[in-house]
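Below: the structure, in structure tokens.
Residue numbers (full-length UniProt numbering): 1 to 182.
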């Protein structure tokens with residue numbers, strides 16, 4: 001299935017008045033901050049945006065954004081594929097005053113800043129993807145190279161159990177000398 005390209009900027013209020021939705025893709029070259037945060041961007045970023053009129057002059061944008069990326073597993077430090085997905089709900093605001101006027105609307109949805117009535121779709125979606133990145137990505141236990149346990153021989157186990165140089169041996173010797181003085 002082919003997916004149309006999304007526009008870089010949209011007028012959310014106009015689209016909400018029309019009851020429109022957008023579905024499309026954006027090239028990875030438009031997401032430099034995300035590219036810097038991951039090992040590799042594996043394909044186009046696909047997004048769905050639905051524009052809903054909440055009351056006259058106010059709207060809400062809800063949707064989903066997906067990006068196939070490669071991240072570094074923090075257990076084995078190998079590259080791993082990850083489907084980065086974020087569901088979002090935004091309330092467009094033009095400034096601090098409109099954010100305050102939106103009141104309860106911003107409690108249900110994150111405020112997203114408009115410039116001259118236009119939403120920069122790429123910046124907003126890139127912010128969502130950056131917030132969706134896992135703090136410490138890990139392979140499934142069965143797929144992780146660090147999860148493979150090494151079988152030790154009996155000789156290796158015995159060598160590990162023997163400790164010839166005890167760091168407290170000097171203290172033990174001094175303690176013995178101290179008892180002899182009393």
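Glycine residues also receive a C-beta, built at the ideal position from the N, C-alpha and C atoms.
Inter-residue CB distance, residue i and residue j (contact presumed, cutoff 8 Å)
i	j	result
residue 57	residue 88	That belief does not hold up - the Cβ atoms of residue 57 and residue 88 are roughly 22 Å apart, past 8 Å.
residue 92	residue 12	5 Å
residue 4	residue 125	So it is not a contact: roughly 15 Å between Cβ atoms.
residue 17	residue 53	6 Å
residue 83	residue 66	7 Å
residue 78	residue 37	Incorrect: roughly 18 Å between the Cβ atoms, too far for contact.
residue 90	residue 110	5 Å
Contact check, residue i vs residue j, beta carbons under 8 Å
i	j	result
residue 44	residue 21	no
residue 138	residue 75	yes
residue 129	residue 34	yes
residue 69	residue 42	yes
Simplified DSSP state of residue i, which is helix, strand or coil
i	result
residue 9	strand
residue 145	helix
residue 28	helix
residue 42	coil
residue 120	strand
residue 115	strand
residue 47	strand
residue 17	helix
residue 22	strand
residue 183	Nothing in the structure corresponds to residue 183, since the chain is present only between 1 and 182.
residue 129	helix
residue 1	Since pLDDT at residue 1 reaches only 39, below the 50 mark, its modelled position is unreliable, and the value read off the structure follows with that caveat. The answer is coil: DSSP assigns residue 1 none of H, G, I, E or B.
Outcome for residue i when other beta-carbon atoms lying within 10 angstroms are tallied against a minimum of 16
i	result
residue 10	buried
residue 71	buried
residue 131	exposed
residue 170	exposed
residue 31	buried
residue 168	exposed
residue 60	buried
residue 114	buried
residue 15	buried
Contact test: residue i Cβ vs the ligand FMN heavy atom, cutoff 7 Å
i	result
residue 119	Within the structure as shown, the ligand FMN is missing, as the structure has no ligands at all.
Worksheet item: Can you list the beta strand (DSSP E) stretches of 3 or more residues lying completely in the stretch 56–103, in chain order?
Response: 58–72 and 79–93
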